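What follows is a set of notes on a single structure, which appears directly below.
Residue numbers (our numbering): 3 to 389.
Shown next, in the form of structure tokens:
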């Protein structure tokens, strides 16, 4: 990651300075940054390997404090470890059942490999992602699933070069305000295919950017996932709710939208449904390895093994996954735990509203509350008067 970031200081910033008047004062700052980053790379290569090995575990006491004080969850490391493993096994059972429906002579892992080998033209990745972003928007609106009352859009763009090794796929940049066209525009930035890669890297890229992952992830990132949730948060009249949030809702909301699209018939066939469940297994695994590493139950290598051997990640992608999430203990819990809490709130709200329940009303009320721990959101949701 550090070596990849050098390009930002060696290429992109010098080009910016050359093209824009009045930016000369940046030159010594860029030079200092280059030197500092080069020194850090030397440290990583030459000095860090000689130091004694540590542990990724932060310890049960601090980890349990995060669960209780930051996320307001009723889990501790023991009950969360049991929950994570139970849900992981349940998802594996679902994958096996879907695989039998598709082809009883093949395992779900064999089918997943086949599905991942069906991908767009390498030079049409941006267009392929944009197609399914737009299709997800159309599905949400035509089925009246979530109101989107703003002039908005999501553009799929190549990810900046210096960011490409921070994760194997990409990242989503929410709308910060209206663009030059007066539209609230968000960007889904994906790592593009690069011609300078060797043959092995090129093939690995393609099977991690297959049609299945694109179709399933477009709702998570765009409609009506992070993009729509971000718009509602941007328009929240209460400043603290407008400017703050946590993964337990925002990432949970993204994963919930993958489930919502399955429930409402967005996925075109059972093979994509199987891919969706494999991606669900990934988020199940995050509960297992996050709790496992920080409670001392799993080593770093064991966490990578879960992602590579049981979920089906390529090893380099699994390592990037573990490295990235380990920098923010508890963050990746938000995906599966957050989705689980949203589904629980949906059931409770359906029970409260009876025949007046609609998905559109539930989603709108939930998003208008804000981005908070699910326990607080549930209290607010269920206190709202019935029309």
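A virtual CB, placed ideally from N, CA and C, is assigned to each residue, including glycine.
The model shown is predicted, which means the values in this text are computed figures rather than measured ones.
Residue 266 to residue 142, Cα distance in whole Å? Against the chain shown, residue 266 aligns to sequence position 264. Against the chain shown, residue 142 aligns to sequence position 140. One Cα belongs to residue 266, the other to residue 142, and the distance between them is close to 9 Å.
My parser needs the alpha helix (DSSP H) runs of 4 or more residues fully inside the region 300-379; what are they? Runs found: 302-307, 317-328, 335-355, 361-371.
Using a threshold of 7 Å, state whether the C-beta atoms of residue 371 and residue 382 are closer than that. As a first step, residue 371 must be located in the chain shown, where it is residue number 369. As a first step, residue 382 must be located in the chain shown, where it is residue number 380. Taking 7 Å as the Cβ cut-off, residue 371 and residue 382 qualify as a contacting pair.
Would you kindly work out how many angstroms separate the C-alpha atoms of residue 248 and residue 234, rounded to a whole number? Counting from one through the chain shown, the residue named residue 248 turns up at place 246. Counting from one through the chain shown, the residue named residue 234 turns up at place 232. Cα to Cα, the separation comes out at about 15 Å.
Would residue 332 pass as a contact of residue 64 if the rule is Cβ separation under 7 Å? By one-based count along the chain shown, residue 332 stands at place 330. By one-based count along the chain shown, residue 64 stands at place 62. Result no, Cβ atoms of residue 332 and residue 64 do not sit closer than 7 Å.
Under 7 Å between the Cβ atoms of residue 276 and residue 82? As a position in the chain shown, residue 276 is number 274, starting the count at 1. As a position in the chain shown, residue 82 is number 80, starting the count at 1. Contact: no.
DSSP three-state assignment for residue 122, whether helix, strand or coil: Within the chain shown, numbered from 1, the residue matching residue 122 stands at position 120. Coil at residue 122, not helix or strand.
When you compare the region 351-359 with the region 93-110, are there three or more beta-carbon pairs, one atom per stretch, that lie closer than 8 Å? The answer is no - the region 93-110 does not touch the region 351-359, with fewer than three Cβ pairs under 8 Å.
Would you call the region 288-299 and the region 244-264 touching, i.e. three or more CB-CB distances under 8 Å? no
Among 263, 214, 242, 245, which residue has its Cα nearest to the Cα of residue 226? On the chain shown, position 224 is the one that residue 226 refers to. Closest by alpha carbon: 263.
Distance check for residue 11 and residue 384, CA to CA, integer angstroms please. Here the question's residue 384 lines up with position 382 in the chain shown. Here the question's residue 11 lines up with position 9 in the chain shown. C-alpha separation (whole angstroms): 51 Å.
Give me the residue from 268, 88, 183 with the minimum Cα distance to residue 144. Residue mapping note: residue 144 aligns to position 142 of the chain shown, counting from 1. Closest option to residue 144, Cα to Cα, is 268.
Opposing strand residues paired with residue 149 [DSSP bridges]: Within the chain shown, the letter at position 147 stands for residue 149. The partner list for residue 149 (beta bridge, DSSP) is empty, contrary to what the question assumes.
Which residues bound the alpha helix (DSSP H) around residue 395? The structure shown has nothing for residue 395, since the chain only spans 3 to 389.
At the level of alpha carbons, what is the spacing between residue 231 and residue 369? Start at 1 with the first residue of the chain shown, and residue 231 comes out as number 229. Start at 1 with the first residue of the chain shown, and residue 369 comes out as number 367. If you take the alpha carbons of residue 231 and residue 369, they lie about 6 Å apart.
Give every residue of the same chain whose Cβ lies closer than 6 Å to the Cβ of residue 336, excluding the five residues on either side of it in the sequence, and list them in chain order. Taking the chain shown and counting its residues from 1, the one referred to as residue 336 is at position 334. Within the same chain, residue 336 has close Cβ partners 249, 250, 253, 254.
Residues that DSSP places opposite residue 172 in a beta bridge: By 1-based counting over the chain shown, the position of residue 172 is 170. DSSP lists 192 as partners of residue 172.
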